[in-house]
Amino acid sequence: MPPKIEKDQHLVVANLASSENEGGVQPPPLQVSGPDTEMPQSSGAITPSEPPVPPLDETLESRSFWKAGNYAVGPTCRPSAFEGSLEHARVHPKFLHSNATSHKWAFGAIAELMDNAVDEIQNGATFVKVDKVDVMKDHSPALLFQDDGGGMNPELLRKCMSLGYSSKKSNTTIGQYGNGFKTSTMRLGADVIVFSRSTRASKATQSIGLLSYTFLRKTGQDDVIVPMIDFDVSSHWAEPIIYGSEEDWSSNLKTILEWSPFKSKEDLLLQFEDIGPHGTKVIIFNLWLNDEGIYELAFDDDDEDIRLRDEAVRGTTKAHKKIAEIQNHISYRIRYSLRAYASMLYLRPFKNFQIILRGKPVQQFNIADELRYRNVITYKPQLAPGSKECAVVTSIGFIKEAPALAVSGFNVYHKNRLIRPFWKVTPDGSVKGNGVVGVLEADFIEPAHDKQDFERSSLFVRLENKLKQMVAEFWKNHCHLIGYKPLLPSARDTQKGPGQPPVVHAESDCQQDLGDEQPVHEVPDEVTSEDDLGSITAEQLCEENILLFQRCDEYMQKEAELRQTIEELERQLEEMRSKCTQLSSHIEAKRKLKHEGDFSFREAWFHLSDEYPIKYEAERLPPPLVADLNGDGKKEILVATHDAKIQVLEPHARRVDEGFSEARLLAEVSLLPDKTRVASGRRPVAMATGVIDRTYKTGQPQKQVLVVVTSGWWVLCFDHNLKKLWESNHQDDFPHNAHHREIAISISNYTLKHGDSGLVIVGGRMEMQPHIYLDPFEEIGMAERDAEQHRRSASEKEGSENSGTVNLRHFAFYAHDGRKGELRWSRKNENIEEHSSDPSQLIPQHNYKLDVHALNTRHPGEVECREYRESILGVMPHHWDRREDTLLKLSHFKRHKRKTVKKVPGKSTTYPFHKPEENHPPGKDETKKISNLIGKAAKYANSAKPKKPMAYIPTITNYTQLWWVPNVVVAHQKEGIEAVHLASGRTICKLHLQEGGLHADINGDGVLDHVQAVGGNGAEQTVVSGSMDVLRPCWAVATSGVPVREQLFNASICHHSPFNLFQHGDFYRGFGRSDTASLEVATPILIPKSDGHRHRKGSHGDVVFLTNRGEVTAYSPGLHGHDAVWRWQLLTEATWSNLPSPSGMMEGGGTTVPTLKPISLRVHDSQQMILAAGDQTGVIISPGGSILASIDLPAPPTHALITEDFSNDGLTDLIVVTSNGVYGFVQTRRPGALFFSTLVGCLLVVMGVIFITQHLNSVKGKPRGPR
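Residue numbers are given in the numbering used here: position 450 of the sequence shown equals residue 450, and the series is strictly consecutive.
Pasting the structure below:
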């Protein structure tokens, strides 16, 4: 589609001239050149073929702001005006620098840009982001400002780039001069690029403008030229808007790409992806340096702040203790900390607006809220005749640190914006007024252009005198309250007779000029002169001291009582909060049952299989899959068989009558070779389905592929029609008699190489067992195996001769192209040295950097997993009991930015990790933080018309840094978590976790916890819980930290009694217990709950336990994150019994696998219930402890119950896998009483209307015919 050409304007390159049009009339276009203008070519579009020649005597310019204006100016290359045309005034580029010098303070320039975002609140802005980003070309730091306001269309962007133009006429907006954007951006850096998206008059546009001081200087321009390009996005794709000719538009684009941080037009358009439907993004690059050659702004001192480097250095030098306290006060920190300055920048707190500094919102602070002995004084200034009267309300008082800190002054605001912080009106060197701080808003005087001071008018002078008077009066009346002593009358004013006390005047002021050290509270209220010292005896002084000590003891006792009362109230509050949460969950469950009706699981379908004796864990088949292979909207069931086949079943989705019906077999595929139908190692051990197509149309069904891994390490891939696409074998990397202990498959449509289609990653770990049972196919191929064994290495031979099970310990990964099966990378199996049995070394951590090119220079353990703590917590919870619990998940790992632990009332702030030593070289960003957050722009731009290009799925390389694109594959293994770099296969982080139990953040404090329950046939078990504890059966223990730092709680999970007074200790451990010889415990689960605070997904909730006697118990974290609060316990029919076998073989045809997992009754429902199942019965339990439904199982399950929606109705169904087949249960619902009542009421109303209508027609008689 050709670009749009606008006929009404001819804008190519905007000259930075002032506009004086302030009315409602449409302003004329800026000084430009185009095909219809008669101005010289040099005043308009940039001609690449004839660039202005820079002066020959120009030297290497300085990067310091205060020296940037010192460069030679060459002769002008602009020809004279044509005859009959008027010459226009030009603005030399040097004016940009001289104009920016009005900002002496860099934070004043930053505040100016934040004011622009605050003014956009009236247009719907909800935030402004201030952050540091990296320039793509040279990786230098840049400054980002972004808001979601109304944005600017092409016309407004050109006016923004002009000098002196301002459209802000409201009394509430801060900007008024039309000069702030240019002065502030040029004060912070040499160049700025603006991205803005706007929708006005049903036309959506996005514009890009570049104001480059570097470009103007190096090309020798004598006029300020601003290249701009615009796009029309009304049709959801970007069409260039041409003002003139396409050559002019291309010339502007070429200039922007040459002098901006971006290399292509696509890079420019990517900047709009995180802006939203409207908003503005400003990137200031080539930031100024100080006199020492380093950046003025310090980004490495604090990951959550931006600091002024010179001021920050001054603030961190060693000084006197009192000076250090003053430097820690906010009155000093605002000089070098942008977060401190931004917290006080606006007087009134915003309702729906946030200032987000480096990813963390700024908490607004008003020092008037902390003043002691606060007074409110109203001042009415004397304005000019005819002006509207106004009243200024001033809050004045002592700071909470007074009199220890000599901080004083007034925070003077103008239209909610701080202009003068801590303006000291008292003379220096005087004690009078120490600690007195005031806050007022003075809208009746005008601020200066830099908004850091006021214009020196008569109103300002009168205000200053009034503030001095306020300080003097407040000091005279209140200074004694903070320990200052009043002035004594002079000798001539005191008429003292024998035995008469001195007379003190009523209007005595407090004593001044007390020296450097201020008086403290122990100064007495009454001071005796030197003549009276002899009249006071030592006994009187002793008595006075005794009275003072007694008063101190009383105060300390009252303080202790108050602390106890506060702790008791906090405990009661937490108990009430827990009860309210439990009650709300009950009410929610009842509400859903009332409005949606009761539900149950009915027998739907079954598929029988031949009985196959399973003797070992390795012989278990993978669980069935529910997937829509062909994309027809109907889901199929994929079942693996022992004769090396994969069967596709069509389930009977809706069955409301009693009994099962057999599922129809749609198709099946054999895993045996095409030519030889009998071979070894073809028994399936894992299978998965997924989409590998990189592009697809919106709304079009996606076809999936099936990947199967067999016992002989054959990886087979089939398309949606079960046609084999490719196969690959990795058996040569493992010993011949090893079996799969862990195996998992990951399928995605991401690619590692251009031209690929999808990515298939297979990971697994093998174990060697000489006595392992061989299936018939493996017995047939045993002769070939024996021949291959002679070619094995000596180490593998030695491993195969060892008795028992030899754990290879290492997890192997293989990455294949999804369509062709070509191997992209592999992480081969390696034997790992056995770890020591010392408990302190049970949890080693091997970690690497995400930067793959730096891995060769790193040693294991140099960068630990704690560097990616947030990313690791994002892939939790973790548990491993059986082979099918091994999972491969794609994720995006990034370094954890260390932040202050969020203090929740009543929670512990203990940080379990040791903070590693940080080394941030100056000017280098070690956090690798991506500046331009890229969303799904291709999908958004092409959603309107299906004929546009398909959705964009990027190719993952070592340099891919998109936040929404995964960069690691996370393996949930038996030994813990391992993150492998997706592009290269190198291990990034390996976190060893204790086997068994649940690993999750159960109390929401950002620390990984471990919960395990003790069963084990009645034997005592030693657990690592900060110390070596011995727990008996029926007990659960929770620990915090990896490695273990502390114990959170240990509690009973059997026969709980809320009236038992001995919940802990040896007495309770033996109290009320029945025989625990056959006790078994399922892996606990975490059910998230809401407590009024925001928590990470998958963290903070109730921990639920299940024993083989059907006891389901729920505990929630205590008040301080320690101990556990018993919530409820149920005795259900979800029981089972597995008899242990000394030989390790399964008894009775298989072992019953219990189920304890969260379940959502609807597919997209966030409310999770509890599914517990034994060998005969399964139950659905609400989070509040009520049994909602029960299911009678046809046979003991050999896998955990599968929760999927195979009926395509949005309700979660159940699949039970037994030793003789697979059974499906469909969820059905019965409408509740409210639905029936509503239906009956509607029917009655309809019947009444029909009756009345017929009655009226019968009364009127025959209808009259047409006239």
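We put the CB at the ideal spot given by N, CA and C, even for glycine.
Next on the checklist: With three or more beta-carbon pairs closer than 8 Å as the criterion, would you say the segment 1150 to 1163 touches the segment 1187 to 1197?
Outcome noted: At 8 Å Cβ cutoff, the stretches touch.
Checklist entry - Rounded to whole angstroms, how far is the Cβ of P651 from the Cβ of A604, which I believe are closer than 8 Å? => result 6 Å
Checklist entry - Assuming A738 and M766 make a contact with CB atoms under 8 Å, what is their CB distance in whole Å? => result Indeed they touch by this definition, with Cβ atoms about 4 Å apart.
Checklist entry - Just how far apart, CA to CA, sit V436 and V968? => result 56 Å
Checklist entry - Alpha carbon to alpha carbon, what distance is there between P93 and T219? => result Between T219 and P93, the C-alpha separation is close to 11 Å.
Next on the checklist: If you reduce the DSSP assignment to three classes, tell me which class M136 lands in.
Outcome noted: coil
Checklist entry - Is it the case that the Cβ atoms of L163 and K137 are separated by a distance below 8 Å? => result no
Item to check | Environment of Y332 [buried if 16+ CB atoms lie within 10 Å] | outcome: buried
Checklist entry - Would I359 pass as a contact of L287 if the rule is Cβ separation under 8 Å? => result In the sequence as presented, Ile is not what sits at residue 359; that position holds Gly. Cβ atoms of G359 and L287: not closer than 8 Å.
Checklist entry - Near S264, what residues of its chain come up, given a Cβ to Cβ distance below 6 Å and the 5 sequence neighbours on each side ignored? => result The beta carbon of S264 is closer than 6 Å to none in its chain, skipping five residues each way along the sequence.
Checklist entry - Can you tell me where the beta strand (DSSP E) with R158 in it begins and where it stops? => result Per DSSP, R158 belongs to no beta strand (DSSP E); it is in the alpha helix (DSSP H), P154 to C160.
Checklist entry - Rounded to the nearest angstrom, how far is the Cβ of K203 from that of S234, given a contact under 8 Å? => result Confirmed, Cβ separation roughly 6 Å.
Next on the checklist: Rounding to the nearest angstrom, what Cα-Cα distance links G935 and K1157 in this structure?
Outcome noted: Low per-residue confidence applies at G935: pLDDT is 47, beneath 50, and the placement is therefore not dependable, though the value from the model is reported in the following sentence. In a straight line, the C-alpha of G935 is about 33 Å away from that of K1157.
Item to check | L143 versus P966 - alpha carbon distance | outcome: 26 Å
Item to check | Start and end residues, beta strand (DSSP E) containing K281 | outcome: G279 to L287
Next on the checklist: Does N465 pass the burial test, meaning 16 or more other C-beta atoms within 10 Å, or should it be called exposed?
Outcome noted: exposed
Next on the checklist: Counting C-beta neighbours from all protein chains within 10 Å, is the total for N749 16 or more, i.e. buried, or is it exposed?
Outcome noted: buried
Item to check | Opposing strand residues paired with K1114 [DSSP bridges] | outcome: In the sequence as presented, Lys is not what sits at residue 1114; that position holds Ala. The partner list for A1114 (beta bridge, DSSP) reads V1104 and W1128.
Item to check | Completely contained beta strand (DSSP E) runs for the segment 332 to 418, where each covers 3 or more residues | outcome: Within the segment 332 to 418, the complete beta strand (DSSP E) runs of at least 3 residues are 354 to 357, 372 to 379, 392 to 398 and 409 to 414.
Checklist entry - If we count the other Cβ atoms within 10 Å of its Cβ and call it buried at 16 or more, is P227 buried or exposed? => result buried
Checklist entry - If you drop the 5 nearest sequence neighbours on each side, which residues of the same chain put their C-beta closer than 7 Å to that of V471? => result V425, T426, G433 and V436
Next on the checklist: Between the alpha carbons of K1097 and P1088, how many angstroms are there, rounded?
Outcome noted: Straight across, the Cα-Cα distance linking K1097 with P1088 is about 8 Å.
Next on the checklist: The beta strand (DSSP E) that contains G690, what's its start and end?
Outcome noted: Start and end: P684 to G690.
Checklist entry - Measuring CB to CB, does Q671 end up less than 8 Å from L716? => result Here the sequence assigns Leu to residue 671, which means Gln is not the residue at that position. Cβ distance < 8 Å, so L671 and L716 count as in contact.
Checklist entry - What is the rounded straight-line gap between the Cα of T214 and the Cα of W259? => result 8 Å
Item to check | Inter-residue spacing [alpha-carbon to alpha-carbon] between S1137 and V1112 | outcome: 16 Å
Item to check | Three-state secondary structure (DSSP) of T641 | outcome: strand
Next on the checklist: Quick check: what's the CA-CA separation for R577 versus A1189?
Outcome noted: The alpha-carbon atoms of R577 and A1189 are separated by roughly 28 Å.
Checklist entry - For the beta strand (DSSP E) that A204 lies in, which residues bound it at each end? => result K203 to S212 is the span of the beta strand (DSSP E), which, as asked, contains A204.
Item to check | Spatial neighbours of F365 in its chain, beta-carbon cut-off 6 Å, leaving aside the 5 residues before and after | outcome: S343 and M344
Checklist entry - Is it buried or exposed for M161, if we count other Cβ within 10 angstroms and need 16 for buried? => result buried
Next on the checklist: Taking 6 Å as the limit between beta carbons, can you name the residues of its chain near I1252, skipping five residues before and five after?
Outcome noted: none
Checklist entry - Taking the alpha-carbon positions, what's the D450 to H278 distance? => result So the two alpha carbons sit approximately 28 Å from each other.
Next on the checklist: Helix, strand or coil for H730? Go by DSSP, reduced to three states.
Outcome noted: coil
Checklist entry - If we call anything under 8 Å between Cβ atoms a contact, is L1048 one with E570? => result no
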